[in-house]
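The structure appears below as C-alpha cells.
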Amino acid sequence: LLKCIVGLIKPDYGSIKIMGQDVKKGRKYIGYVPQYPLFDRDFPISVEEVVLLGRLGKRKGFRYSKQDYEIVSQVLKKVEIYELRNRQIGELSGGERQRVLVARALAFEPQILLLDEPTASVDEKFEADFYELLKELNQDITILLISHDLSAVSRYVKNIVCLNRTLYHQEGREISPDVIDKLYNCPVDLIAHGVPHRVLKPHDGVVGQ
C-alpha cells in the first residue's frame, strides 16, 4: 500500500488521491523513508551527499544551489546528525543511517512523511530516541508510519489504522481486543508486563504449544 501511495507500484484496482491529486502529481507532497535503503554501504558517499539527493526533485539546473545546501544543513541539525555530515555513509551505525534517510526525506520539504518499518533492525535505545524524534517532527508535518510492533507504536502515535485485507481505523492510541482478534483471525490476550505485548490464545488450526 505504501509503495502504491508513493507511485513505486500501481494498484490492481481502485485509485489513490494525495491532497486531492493523483499519485503522479501528489508525490510532490511526500517524503519517503523505505524499510531497506537501496544503496551500497561501501559506495564512497558522504552523509551530506546522501541528504542532498532529497533535493533532486526541487533542484533547478544541473547544480545544487546555495539554498539546497542551507536546507540540507537545517534538516541535518533537526535530526541531530549535523556533526556527521562529512562521514561516509558506510561508517555509520544502523540508527545513524536511519536518521540520514529521514533527513533525506525531509530535504524534499514534504507535507507528509511516510516511513516503512523504520525501526525494524535497530536496538531498543535507538528505537525510543527515534520515536521521540518523530514526535517532534510531527509538530510540523503529517507522519504515516508502517509497523508490526503494535506495543511500541501505540505509545507514540495519535491514531492507528490496522490492515489485514480489511482496514480497521481506531481513534487514539489504544487498540481494542476486538480489533486485534479480527486482525489475527484468532483470540488474543493482551499482557501488560513492562511493555504490553500480545499472545495468541490456543485456537483451531494451530498445532503445538
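Read the sequence shown against my numbering and you will find it ends at 214, with the numbers running on by one and no gaps. In this text, a Cβ means the ideal position worked out from N, Cα and C, and glycines have one as well.
State yes or no: is the C-beta of residue 69 within less than 8 Å of the C-beta of residue 58?
-> no
Output the distance between the C-alpha atoms of residue 139 and residue 107, rounded to the nearest integer angstrom.
-> 9 Å
Whole-number beta carbon distance between residue 123 and residue 34, since they are thought to touch under 8 Å = Rounded, the Cβ-Cβ distance is 19 Å, inconsistent with contact.
How would you label residue 38, buried or exposed, when you count the other beta carbons within 10 angstroms and need 16 or more for buried?
-> buried
Between the Cα of residue 144 and the Cα atoms of 77, 163, 82, 103, which residue gives the shortest distance?
-> 163
Is it the case that the Cβ atoms of residue 60 and residue 86 are separated by a distance below 8 Å?
-> no
Cβ-based burial, residue 99 [other Cβ within 10 Å; buried from 16] | exposed
With respect to the beta strand (DSSP E) encompassing residue 151, which residues constitute its N-terminal and C-terminal limits?
-> 147-151
Exposed unless 16 or more other CB atoms sit within 10 angstroms - verdict on residue 14 | exposed
Tell me which same chain residues have a C-beta within less than 6 Å of the C-beta of residue 215, skipping the five on either side of it?
-> This structure leaves residue 215 out entirely; the chain is present only between 6 and 214.
Whole-angstrom distance between residue 80 and residue 185, CA atom to CA atom = 37 Å
Can you name, in chain order, every residue of its own chain whose Cβ lies under 6 Å from the Cβ of residue 12, other than the five neighbours on each side?
-> 28, 32
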